[in-house]
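Structure first, commentary second.
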Amino acid sequence: MQLTFLGTGSAMPTGQRMQTGLLVEDGDSRLLVDCGSGVLHTLARTDVGYEGVDTVLLSHHHLDHVSDLLALLKARWLAGEETLTVVGPAGTDALVTDLLGVHDYLQGRVDVTLREVDVGSVGVAGFDVTAIETEHSMPGLAYRFGGDDGDLVFSADTEAFGGMGAFADGASVLVHDCSFPDEVDVSNHPTPTQLGASLAGVDVDDLYLTHLYPHTNGEHDAMTASIHEAGFDGEVHIARDGLGVEL
Numbered sequence: 345m346q347l348t349f350l351g352t353g354s355a356m357p358t359g360q361r362m363q364t365g366l367l368v369e370d371g372d373s374r375l376l377v378d379c380g381s382g383v384l385h386t387l388a389r390t391d392v393g394y395e396g397v398d399t400v401l402l403s404h405h406h407l408d409h410v411s412d413l414l415a416l417l418k419a420r421w422l423a424g425e426e427t428l429t430v431v432g433p434a435g436t437d438a439l440v441t442d443l444l445g446v447h448d449y450l451q452g453r454v455d456v457t458l459r460e461v462d463v464g465s466v467g468v469a470g471f472d473v474t475a476i477e478t479e480h481s482m483p484g485l486a487y488r489f490g491g492d493d494g495d496l497v498f499s500a501d502t503e504a505f506g507g508m509g510a511f512a513d514g515a516s517v518l519v520h521d522c523s524f525p526d527e528v529d530v531s532n533h534p535t536p537t538q539l540g541a542s543l544a545g546v547d548v549d550d551l552y553l554t555h556l557y558p559h560t561n562g563e564h565d566a567m568t569a570s571i572h573e574a575g576f577d578g579e580v581h582i583a584r585d586g587l588g589v590e591l
């Protein structure tokens, strides 16, 4: 399985990080996870390109995770690709239908399939996927992708909580929201110390921090140290746009 970070930023653009998006590949299976602003551009820089991904899996419906959906649909149409499947939590059908209602000239251009999923085991675009609920200001799902060479877990946007640690236990790679340094008083996202404490004793080889607000600039070493000091024993990495990870 291969992971490519397409966007590792937040709802506050910096010019260096696009909003949330991941490309997951396993053999011939390819999946775009979230589709925030700028993700279409970084996807176009990959060998897969937007022509090569016909399924998007959404974690939740905040704008910084969905704002490139229509741009992706139009780009695929212009490239001669006639299908797009959008999978996500409850409300995904209404979200995409309403977006297409605003831009009705895209209706009928591409055969759009909409599918809503809940917690538990689901199959998406050839991937074995398991979902749990997140703890955020909007209902959402975190996902675990099973692979022959190890499992990948994506937390999406969430506070740190023990259930995520249990969900990720045994995974090769955990991609987790770590939006702010410890000095910021925040809800709906974890600080490094909160994240490290929630992962104490959890068996994860590599933790990648993402959804990074501008407040984290210059704080990466301190954030990594706080996570380790709070109890996480695995490797900690700061994700960046374009970074590829082989599981």
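Counting in our numbering, the sequence shown runs from 345 upward without gaps.
From the three backbone atoms N, C-alpha and C, an ideal C-beta is built for every residue, glycine too.
Remember, it's a predicted structure, so these values are computed and weren't measured experimentally.
Next item on the list: Kindly identify the DSSP beta-bridge partner or partners of Q363.
Entry: DSSP output for Q363 lists no bridge partner at all.
Next item on the list: From the DSSP output, in three-state form, read off D550 for me.
Entry: strand
Margin query: Here's the rule I'm using: 16 or more other beta-carbon atoms within 10 Å means buried, otherwise exposed. How should L422 be labelled?
Written below: exposed
Check: So, using beta-carbon positions, are A574 and G540 closer together than 7 Å?
Finding: yes
Check: Alpha carbon to alpha carbon, what distance is there between R374 and S481?
Finding: Each residue's Cα considered, the two are about 29 Å apart.
Checklist line | Among A515, L443 and C522, the one whose alpha carbon lies nearest that of T502 | finding: C522
Item checked: DSSP beta-bridge partners of H520 -> L553
Check: Between D585, G464, L376 and P525, which lies nearest to L485 when the distance is taken from Cα to Cα?
Finding: G464
Check: Are G491 and L591 closer than 7 Å when you measure CB to CB?
Finding: yes
Item checked: F349 - containing beta strand (DSSP E), residue span -> Q346 to G351
Next item on the list: Pick helix, strand or coil for S373, following the three-state DSSP scheme.
Entry: strand
Checklist line | Under 7 Å between C-beta atoms of S516 and G494 | finding: yes
Notebook entry, point to check: In whole angstroms, what separates the C-alpha of D370 from that of L496?
Noted result: Those two C-alpha atoms are separated by around 11 Å.
Check: Between V440 and V430, is the Cβ-Cβ spacing less than 7 Å?
Finding: yes
Note to self: Between which two residues does the alpha helix (DSSP H) holding H581 run?
What the structure shows: Run containing H581: none in the alpha helix (DSSP H); it sits in the beta strand (DSSP E), E579 to I582.
Checklist line | CB of S570 within 7 Å of CB of D529, strictly | finding: no
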